[in-house]
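Contents: one structure, followed by commentary.
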Amino acid sequence: MVGPVPLTSRRHLLRGAAAAATVAAVPAVLAAPAPAVAAATVSPLHHLLRRATYGPTPASLAEAATLGVGGWLDRQLNPSAIADPVADALLARLPLAQASVAGVRAAVTAGTLKRYGWEAMYQLGVATVGRAAWSNRQLLEAVVEFWSNHLCVTNPFDEGWDNRPDYDRAVIRRYALGRYADLLKASATHPAMLSYLDNRHSTKYKPNENYARELLELHTVGTIHTEADVVQAARLLTGLTVDWKTGAFQYDAATHATGAVKILGYRHANATAAGGRAAALGLLDYLARHPATARRIAEKLCVRFVSDTPPPALVDRLAALYLARDTAIAPVLRALFTSAEFAASAGAKVRGPYEDMIATVRTLGLGLDAAGVEGVRALYWMAESVGQAPLAWGQPDGYPDTAAAWAAPAGLLGRWNNHLNLAAGWWPEELVRPAASLTAALLPTVPATYGELVDTLTDRLVGVRFADSHRAALAGFFGKQPASTLRTTDGAANGALPYLVALILDSPYFAER
Amino acid sequence: MNPTPTCGCPENTRVAGLTRRGLLGRAAAVGAAGTLGGLAADGLASSLAFAAAPYTGDTLVVLSLRGGFDGLSAVVPHGDPAYYQARPGIGVPKARLVGGDAMFGLHPALAPVLPLWRGGQLGAVHAVGQPNPSRSHFAAMEELERAAAGTSVRTGWIDRMLGAAGATSPFQGVAVGDSLAPRSMRGPAVDLSLRSIDGFQLAGEGARRPMAATVRALYDGAPSVLAAPATAAVDALGTAAALKAAGYTPANGAVYPAGKLGAALRDVARLVKAQVGLMVASVDFGDWDMHEGLGTPVAGQSMYDQLSTLAKALAAFAADLGPEGLGNVTLITLSEFGRRVAENGSRGADHGHGNAMLLLGGGVRGGRVYGRWPGLAPAKLVAGDLAATTDYRAVIAEVLARRCGMASPAAVFPSLAPAPLDAFTAR
Chain Z
6 MVGPVPLTSR
16 RHLLRGAAAA
26 ATVAAVPAVL
36 AAPAPAVAAA
46 TVSPLHHLLR
56 RATYGPTPAS
66 LAEAATLGVG
76 GWLDRQLNPS
86 AIADPVADAL
96 LARLPLAQAS
106 VAGVRAAVTA
116 GTLKRYGWEA
126 MYQLGVATVG
136 RAAWSNRQLL
146 EAVVEFWSNH
156 LCVTNPFDEG
166 WDNRPDYDRA
176 VIRRYALGRY
186 ADLLKASATH
196 PAMLSYLDNR
206 HSTKYKPNEN
216 YARELLELHT
226 VGTIHTEADV
236 VQAARLLTGL
246 TVDWKTGAFQ
256 YDAATHATGA
266 VKILGYRHAN
276 ATAAGGRAAA
286 LGLLDYLARH
296 PATARRIAEK
306 LCVRFVSDTP
316 PPALVDRLAA
326 LYLARDTAIA
336 PVLRALFTSA
346 EFAASAGAKV
356 RGPYEDMIAT
366 VRTLGLGLDA
376 AGVEGVRALY
386 WMAESVGQAP
396 LAWGQPDGYP
406 DTAAAWAAPA
416 GLLGRWNNHL
426 NLAAGWWPEE
436 LVRPAASLTA
446 ALLPTVPATY
456 GELVDTLTDR
466 LVGVRFADSH
476 RAALAGFFGK
486 QPASTLRTTD
496 GAANGALPYL
506 VALILDSPYF
516 AER
Chain H
12 MNPTPTCGCP
22 ENTRVAGLTR
32 RGLLGRAAAV
42 GAAGTLGGLA
52 ADGLASSLAF
62 AAAPYTGDTL
72 VVLSLRGGFD
82 GLSAVVPHGD
92 PAYYQARPGI
102 GVPKARLVGG
112 DAMFGLHPAL
122 APVLPLWRGG
132 QLGAVHAVGQ
142 PNPSRSHFAA
152 MEELERAAAG
162 TSVRTGWIDR
172 MLGAAGATSP
182 FQGVAVGDSL
192 APRSMRGPAV
202 DLSLRSIDGF
212 QLAGEGARRP
222 MAATVRALYD
232 GAPSVLAAPA
242 TAAVDALGTA
252 AALKAAGYTP
262 ANGAVYPAGK
272 LGAALRDVAR
282 LVKAQVGLMV
292 ASVDFGDWDM
302 HEGLGTPVAG
312 QSMYDQLSTL
322 AKALAAFAAD
332 LGPEGLGNVT
342 LITLSEFGRR
352 VAENGSRGAD
362 HGHGNAMLLL
372 GGGVRGGRVY
382 GRWPGLAPAK
392 LVAGDLAATT
402 DYRAVIAEVL
412 ARRCGMASPA
422 AVFPSLAPAP
432 LDAFTAR
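Residue numbers (the working numbering), protein chains in the order written: chain Z, 6 to 518; chain H, 12 to 438.
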């Protein structure tokens, strides 16, 4: 007699989560998008890097200027050809962040990890922050975040102790720029998803509808399905489970419910237990190629990369392309980033708290710890403090991705505090700073006036010039006018510089992307 | 049990009468979410410019038990024999129940609030539900907090309450314990979410470093989706600073349990006593989605432990406020749905429908369970679920009318037919 499967309770789902489906809207009437703060002054390349990466840096802007939009996309859509030394160094310090299920369990056997402990999952969270900040494969990282939300398996969660890092590596990252049909099937046959949404415990005796419902509602077609579709899909998916001895995916024919099914337009005789796996994968292939799935994915990609109110014509074109290219994602991304709608959308998105933090790290030029991971680990907790630790959204629908969803005063306050902590180097202390002082990093020569000081900093940190009234407000912080003479010994260019930098990052110019 | 592909077990029962929003509805909702400069922020800006009459009603505390609270385990219908038949493993034995009457009893983990039940400050409503139920967490929470079935209203009900009551300060509608406001607060009325009062401060601010004032100036002229929350944040910083400077010690020896719920209710009590004009506070307490291991009523089992935390926090909250403070507060619990009547194979229960609400406050006519009990016999169930005989909005509407001085709850619940339970005294 084997021991029982550890039936940890489903504490991960809906743990004190705030609004459900936070993407749902406030306004009863759609107003035209308001003009962006600084759209007119942003170059097309700067616009591309604000959207397709976690924030421009002087180096990434220079590279993009050399490659052009097409060349930059070509390079980023082939990430394995891009050298990634900082990410490699980071992962070498976080050996469990990309471990297989067997690898995590081997660490338990070796006595270096506690069984059911969350260390591997926290390593994954920390690695995700570090890759967003410092990987050269920036578009891949952005798309990985997109899929991690779309096929959300909250990290950390109870039953993910041995499988959640593998889900990141072998499912999300492996197929992020491949075909969605492959990504969906990989998720459906992975112990992380099967545990997270309870399918591992769903049997012909007691089907559990949780995964079947989210598969239809969140992962594929949306709410066009009926309750009968959910019930039938739950039956068809029985048998997709986890081998409790190894933690690996297992198809258990003995618990599969046979019998003909009809789910939306998918029909299968499902006559034998042995054929249950193929019948279930057939459903996933059908759902991945459903026009409603194409439309939802196109729309979500547009919300992520173009506008909170996606242009319908662009959604139509991308959905058609997704189907025409048999669910391949890279062509859809290329079409999106080279579309007229994208070009016209500069400044129409507002950064979420996580990307705001990473963009701050990037524009300030903060680097990975010289050794260890304390600094990057602190960044993980900094993101958590503003409500958006990576991969940690508590519900299966992934983090919301619209300005309205993140427009809480308290969230803004958290960002502003992060800006000062990062600019001043108070927290985290372990990140490598680009120069001995902020002055040395940002002011090669000290400008002659307070107005020129502001211009130098906004050019460098945000890529735009502020309006006169806002230049005056920043000079006024020091009790000065823009025309006031700046002496090299003034606090504004020395010890008080972090406050000025933080205020620039607090401004709406940096909040938009 | 003789399982066949068409067995009658609840998970295989076709759910009748559930309406689901179509793809177009969802798409429209997603599309409307992020309009820069949308109505939400514009409305906020204009409402800040208004002055309103001082608020003299109860502070309404909305405690959201997210994940699907199992009302059948909390307020147990021990007088209905079908209850024990449906839950042979996880049913709470009658001998273990506390309080209650011939029909209902409270789960033993609720013992800390038994004095409040017996004293009449705590009551319950059973067989509560939504008019258009869904077993999807997301769809159910969306509708629960929109609370406007059958209409195209997109705001949340707390937002409409704040608007109807003329809220002008962020501290009149506060989500405590999280930096994200719940769906129920979405809309034009001004509100605030904060993880904690003491944590709400702007780094670097000082007499010679006017950070907040400079931030305010930088948002002058920005699109309102950016400017409105920034301005509200700067305003709220001043209030929070004053509260923090004053410090806080719970009264009457109240001890809140460790964790988010206790900390959040402590801050709510603090805001009530500070008289910042708090009309409504929203607090989340999640982790109720007990598909597995809901368990028997002993420590270490999920339901027992969760209810225990809930009861300790409510008891501390009531003690901290004292009888006089509690006389100006009404707390209600809400959850997106109840759980299936029959237990599943994992010592848990799947998503269901009808549920129980808890009511706490000086104006509650407590010590009893309100609502018409529809019964748990198989023929009385709706797709395996407890039928709902009371619309949850009717309970809130009664609070608004009798405790919050809102003559017409129609502004908050546009499609609701009034149906008072008489569970609250008039202020």
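The C-beta atom is built at its ideal place from N, Cα and C for all residues, glycine as well.
For a Cβ distance threshold of 9 Å, nothing in chain H lies close to Z:D257: the least Cβ distance comes to about 15 Å. Not flagged as an interface residue toward chain Z: H:M417, since no C-beta distance is shorter than 8 Å.
Secondary structure of H:Y66 (DSSP, three-state): coil.
For the region 215-247 of chain Z, the set of residues with a beta-carbon nearer than 9 Å to any beta-carbon of chain H comprises N215, R218, E219, E222, L223, V226, G227, T228, I229, H230, T231, E232, A233, V235, V236, A239 and R240, in chain order. The beta carbon of H:G184 sits no closer than 8 Å to any beta carbon of chain Z. For H:Y403, the enclosing alpha helix (DSSP H) stretches over residues Y403 to R413. Where H:M152 is concerned, the enclosing alpha helix (DSSP H) starts and stops at H148 to R157.
H:G210 is the residue among H:T225, H:L272 and H:G210 whose C-alpha sits nearest the C-alpha of H:G258. Counting only Cβ-Cβ distances below 7 Å, H:L173 has no contacts in chain Z at all, with the closest Cβ about 13 Å away. Of H:T401, H:V309 and H:A437, the smallest CA-CA separation from H:A418 is found for H:A437.
Contact check for H:V279 against H:A262 fails: the beta carbons are separated by 8 Å or more.
It is roughly 29 Å from the alpha-carbon of Z:L319 to the alpha-carbon of H:A238. In this structure, the CA atom of H:D396 is about 39 Å from the CA atom of H:L282. In summary, the residues of the region 408-421 of chain Z whose CB is separated from some CB of chain H by less than 9 Å are A408, A409, A410, W411, A412, A413, P414, A415, G416, L417, L418, G419 and W421, in the order they occur in the chain.
Below 8 Å, enough C-beta pairs join the region 77-96 of chain H and the region 294-303 of chain H to call them touching: three or more. Residues of the region 350-378 of chain H with a C-beta atom less than 9 Å from some C-beta of chain Z are N355, G356, S357, R358, G359, D361 and H362, listed in chain order. Not a single CB atom of chain H sits nearer than 8 Å to the CB of Z:V158. Contact holds between the region 245-255 of chain H and the region 181-190 of chain H, because three or more Cβ pairs, one in each stretch, are under 8 Å apart. Within chain H, no residue has its CB atom less than 9 Å from the CB of Z:K485, the nearest being about 12 Å off. Pairing Z:P503 with Z:Y455 gives a Cβ-Cβ distance that is not under 8 Å.
As a beta-bridge residue in DSSP terms, H:I343 pairs with H:V73 and H:L370. Cβ-Cβ separation between H:T242 and H:R220: approximately 20 Å, too far for a contact (criterion under 8 Å). Within chain H, the residues placing a beta-carbon under 7 Å from that of Z:F482 are P221 and T225, ordered along the chain. Remark: fewer than three beta-carbon pairs, one from each stretch, lie closer than 8 Å, so the region 113-130 of chain Z and the region 357-368 of chain Z are not flagged as touching. Assignment of Z:H273 by DSSP, reduced to helix, strand and coil, places it in the strand class. Annotation: Z:G183 to Z:L82 spans about 10 Å, alpha carbon to alpha carbon. The DSSP-derived three-state label of H:V124 is helix. The beta carbons of Z:D173 and Z:Q103 sit closer together than 8 Å. Using beta-carbon distances, H:P268 does not count as an interface residue toward chain Z, since no partner is under 8 Å. Taking 8 Å as the CB threshold, H:Y230 lines the interface with chain Z.
Look at the region 366-393 of chain Z: the residues with a C-beta under 7 Å from a C-beta of chain H are V391 and G392.
The CB of H:A218 never comes closer than 7 Å to any CB in chain Z; the least such distance is about 12 Å.
Per DSSP, the beta bridge partners of H:L205 are H:V187. In chain order, A186 place their CB closer than 6 Å to the CB of Z:D290, counting only its own chain and leaving out the 5 sequence neighbours on each side. Here the region 90-107 of chain Z makes no contact with the region 54-68 of chain Z; the two share fewer than three CB pairs at distances below 8 Å.
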